[in-house]
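Participant: Let me begin by handing over the structure; questions about it come next.
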Amino acid sequence: MRKNNLKTGRPRGFWKNFWGLFDNYSFLIKKGFVLILFIEFVHLLDPLLLKIIVDKLTNFDNSDILWIVGAVVGLFVFRRFSSILNFVKDKLFFRIITSAEREFMVNAQSKMVLLSLAYHEREDTGNKIIKIDKGVQKIIQLFESIYWEVAPVVIKLVIVCGILFWTDFRLGFSFILFAPAFILLSVRVNQIIRPMRKKRYKRYEDAAGLMTQSIININTVKSFVREKWEVSQATKIRNEIKKLGLFEWGKILRSGLLRLLISDLGKSSIILIGVFLVSRGEMTTGTLIFIFMISNEAYNHLYRLSRFYDQTEEGVVAVERYLKLLKEVPEIKNKKNGLKPKSILGEIDFEGVDFAYQEAKNQALRSVSAKIVPGTINALVGPSGGGKTTFARMIYRHYDPQKGVVKIDGVNLQDLDLYHFRKFISIVPQEVEIFSTDIKSNISYANPDASFAEIKKAAKIANAEEFISKLSEGYKTKVGERGIKLSGGQRQRIGIARAILADPKILIFDEATSSLDSQSEKLIQESMDKVSKGRTVIIIAHRLSTIRKADKIIVLENGKIVEKGSHKELSAQKSGIYAKLLKLQKIGDIE
Ligand SMILES: Nc1ncnc2c1ncn2[C@@H]1O[C@H](COP(=O)(O)OP(=O)(O)OP(=O)(O)O)[C@@H](O)[C@H]1O
Ligand SMILES: [Mg+2]
């Protein structure tokens, strides 16, 4: 469990982590803070010059005219100087903030694509997006407040406190008497609302998740007339967020009233002490005005500083979530200096592989041992949920086995460079993922350098050329999000063309022809035979007609290999699962 700071409830090391994000900009930030310090001193000259003018006016003498004119000119000059300094400071700020924002977003994107499949299966899409979006937004907001509010105010408070003590210790004491009350109140109110705030953030993610889910599954929502129900679920969460938000802000605003009361008391006490000192001749009227001006401003800023505390607490949860995401490490570790063979033969070995998905009750693969000879066609069959897709994913090293090893050409996958060996493999997954671009980019995704002629060739082999040429804009046709404008069979054919274009040594078809009619399937079968030459092919299929030509058939049931052999061998084992499936399909119970 994470250790929290007992007083603030903020995770330990929060600020260290926060500033760590800005490591690349530390020089610029330091430069900015020096500028702020300078600006605050220049700001003080304003009331100081006013004090000189007032003091000279109260005991006016003709010789003072030069002083007064000088002070007025000084006032003008310093104000100009201060606006130029502010300009430089703000320019610096925008340089930092725009670069940092770009960096945070790019980092998040790179994290998202580098994290293993297991992470993405665990977390909802909406949650991930809101984590990144809200996180970055809050980091920027916090930085903005520190740069524009906190740093200037803290500097101002120290200077004002020093001046008050220097002028008269009673003024100084009255100032620092009210400050702790302020701080205590701010801390207390945030302690009260912290649990609600945490809950509210969790609910934001839930709401985003829910919205994403109903959008992704819109077809089902509409088909089963669940629109109202979806809206009512969202309303429920949003109501809760509203209730929590109202409660939190109610508390903050009420405490804000109290904080203002304290600040008003503080301001009045300064005037009282000041008037008392002036009446006894211990202080000039000009000094009273000077003191009143600077302490008034300091009090107003103190209030803003306490509001910053509220804001920080509000941002901490969002920032923490983003930081946690950045700290996620891929479950699949890529070995340093992993092997990068120039080419592979395509031999695959499973040696006693056990695998269970996270939080799953049953094992998806149990003591699976199999040897796949290079250049052969292999089929994986068996009942749904038997572990076929999992078997294929192990070859990609999307997951590591809990026991046993998977090898390519006799080398443990874990000793190979992850990003290198994956390039030798292509898969047409059960659900082909289509990007919201045109057909051409979708096919060439695995090989962006491919020429148009190569793309067309791959499409032809995949039996996709015909339907593509009938589309309004041919290869340039936009296919919509997740290929919504294509039929299931068309999506599969794009997937096949993509896999072929990658020119792999190992080619995996996971139910790649399940959505095709018998005629198209036959055509693809012929193409598959063509592309199989010189490659190791694994075909996962329910339709046994697809795999007749396989050199080897592996039957997986409940994660276990129950039969292995050629079509001839397995069909001869009359009591075997394969023979049974074959019989059922012949009768026509299964297509
Ligand atoms: N991402 C996952 N997280 C948890 N469990 C999973 C996950 N994917 C699959 N499973 C489980 O692992 C087992 C094997 O699933 P797998 O997808 O490998 O089966 P399959 O043989 O490909 O089935 P089908 O023929 O229906 O595609 C199933 O019990 C399934 O519920
Ligand atoms: Mg499957």
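Using numbering that gives the first Met the number 0, read the sequence shown as starting at 0 and increasing by one per residue. For glycine and all other residues, C-beta sits at the position ideal for the given N, C-alpha and C.
So if I measure from each beta-carbon to every heavy atom of ligand 2 and keep distances below 7 Å, which residues remain?
Facilitator: This selection yields Lys387, Thr388, Gln429, Asp509, Glu510, Ile539.
Participant: Taking 8 Å as the CB-CB limit, is Asp263 close to chain D?
Facilitator: In the structure shown, chain D cannot be found, because there is only a single protein chain.
Participant: Hey, could you find the ends of the beta strand (DSSP E) Lys370 is sitting in?
Facilitator: Unbroken beta strand (DSSP E) run through Lys370: 364-371.
Participant: Within the same chain, show all residues whose beta-carbon is closer than 6 Å to that of Val404, passing over the 5 residues directly before and after it, in chain order.
Facilitator: Glu350, Asn411
Participant: Given a cut-off of 8 Å on the beta-carbon distance, is the pair Arg196 and Glu313 in contact?
Facilitator: yes
Participant: Which of the three DSSP states, helix, strand or coil, is assigned to Gly351?
Facilitator: For Gly351, the secondary structure class from DSSP, reduced to helix, strand or coil, is strand.
Participant: Give me, in chain order, the residues of the same chain whose beta-carbon lies closer than 7 Å to that of Glu69; leave out the 5 immediate sequence neighbours on both sides.
Facilitator: A small correction: the amino acid at residue 69 is Gly; Glu does not occupy that position in the sequence shown. The answer is none, since no qualifying residue turns up.
Participant: Could you work out which residue in Ile288, Phe92, Asp205, Asn441 is closest to Lys127 when comparing CA atoms only?
Facilitator: Asp205
Participant: Buried or exposed: Asn218, going by 16 or more other Cβ atoms within 10 Å of its Cβ?
Facilitator: exposed
Participant: If I measure Cβ to Cβ from Glu480 and keep anything under 8 Å in the same chain, skipping five residues before and after, which residues do I get?
Facilitator: So the qualifying residues of the chain are Ser435.
Participant: Applying the 10 Å Cβ sphere with the 16-neighbour rule, what's the burial state of Met104?
Facilitator: Under this definition Met104 is an exposed residue.
Participant: With respect to 7 Å, is the separation between the Cβ of Glu226 and the closest non-hydrogen atom of ligand 1 below this value?
Facilitator: Here the distance from the Cβ of Glu226 to the nearest heavy atom of ligand 1 is not below 7 Å.
Participant: In three-state DSSP terms, what is Asn333?
Facilitator: coil
Participant: So, at 7 Å on beta carbons, what are the nonlocal neighbours of Ala501 in its own chain, with the 5 sequence-adjacent residues on each side left out?
Facilitator: Scanning its chain for C-beta atoms nearer than 7 Å, with the 5 sequence neighbours on each side dropped, one finds around Ala501 the residues Ser425, Ala445, Asn446, in chain order.
Participant: Look at the alpha carbon of Ile460 and the alpha carbon of Ser513, and state the distance between them as a whole number of angstroms.
Facilitator: 17 Å
Participant: If you scan the region 411-483 from start to end, which runs of the beta strand (DSSP E) of 3 or more residues do you find wholly inside it?
Facilitator: Counting whole runs of 3 or more residues, the region 411-483 contains the beta strand (DSSP E) stretches 424-427.
Participant: If you follow the alpha helix (DSSP H) that Phe508 is in, where does it begin and where does it stop?
Facilitator: No alpha helix (DSSP H) holds Phe508; the beta strand (DSSP E) holding it covers 505-509.
Participant: Measuring from the CB of Ala463, is there a heavy atom of ligand 1 at a distance below 7 Å?
Facilitator: no
Participant: What residue ranges within the region 378-407 form continuous beta strand (DSSP E) runs of no fewer than 3 residues, ordered along the chain?
Facilitator: Here the runs fully enclosed are 402-407.
Participant: Measure how close the beta-carbons of Lys155 and Ala297 come, nearest whole angstrom, since I'm counting them as under 8 Å.
Facilitator: 6 Å
Participant: Comparing alpha-carbon positions, which option in Asn299, Lys334, Lys326, Leu470 lies nearest Val153?
Facilitator: Asn299
Participant: Pick from Leu74, Leu116, Leu27, Ser109: whose alpha carbon is nearest that of Val87?
Facilitator: The shortest C-alpha separation from Val87 is found at Leu27.
Participant: Counting Cβ pairs, one atom from each stretch, are 3 or more of them under 8 Å apart for the region 533-553 and the region 564-572?
Facilitator: yes
Participant: For Gln524, is the classification buried or exposed, using 16 other Cβ atoms within 10 angstroms of its Cβ as the cut-off for buried?
Facilitator: buried
Participant: Tell whether a beta-carbon distance below 8 Å holds between Asn106 and Leu322.
Facilitator: no
Participant: How long is the line joining the alpha carbons of Lys201 and Phe75, rounded to whole angstroms?
Facilitator: 52 Å
Participant: Name the residue from Gly482, Tyr395, Leu583 whose alpha carbon lies nearest to the alpha carbon of Ile507.
Facilitator: Tyr395
Participant: Which residues does DSSP list as the beta-bridge partners of Val554?
Facilitator: Val380, Glu562
Participant: Answer yes or no: the CB of Asn361 versus the heavy atoms of ligand 1, is any distance below 7 Å?
Facilitator: Yes - ligand 1 has a heavy atom lying nearer than 7 Å to the Cβ of Asn361.
Participant: What would DSSP say about Ile589, mapped onto helix, strand or coil?
Facilitator: In this prediction, Ile589 scores a pLDDT of 42, lower than 50, which makes its location untrustworthy; the coordinate-derived value is nonetheless stated afterwards. Coil.
Participant: For Lys582, is the classification buried or exposed, using 16 other Cβ atoms within 10 angstroms of its Cβ as the cut-off for buried?
Facilitator: exposed
Participant: Closest by CA to Thr639, which one among Ser81, Lys548, Ala540?
Facilitator: Given that the chain is displayed from residue 0 to residue 590, the structure contains no residue 639 and the question cannot be resolved.
Participant: Please classify Ile537: does DSSP put it in a helix, a strand, or coil?
Facilitator: strand
Participant: Hey, how far is the Cα of Arg44 from the Cα of Met210?
Facilitator: Going by the sequence as given, residue 44 is Leu instead of Arg. If you take the alpha carbons of Leu44 and Met210, they lie about 55 Å apart.
Participant: Round the Cβ separation of Leu56 and Phe289 to the nearest angstrom and send it over; I've been treating them as touching at under 8 Å.
Facilitator: Incorrect: roughly 14 Å between the Cβ atoms, too far for contact.
Participant: Return the chain-ordered list of same chain residues with a C-beta closer than 7 Å to the C-beta of Val180, the five sequence neighbours on each side being excluded.
Facilitator: In the sequence on display, residue 180 carries Ala and not Val. Cβ neighbours of Ala180 beyond the five flanking positions: Ile261.
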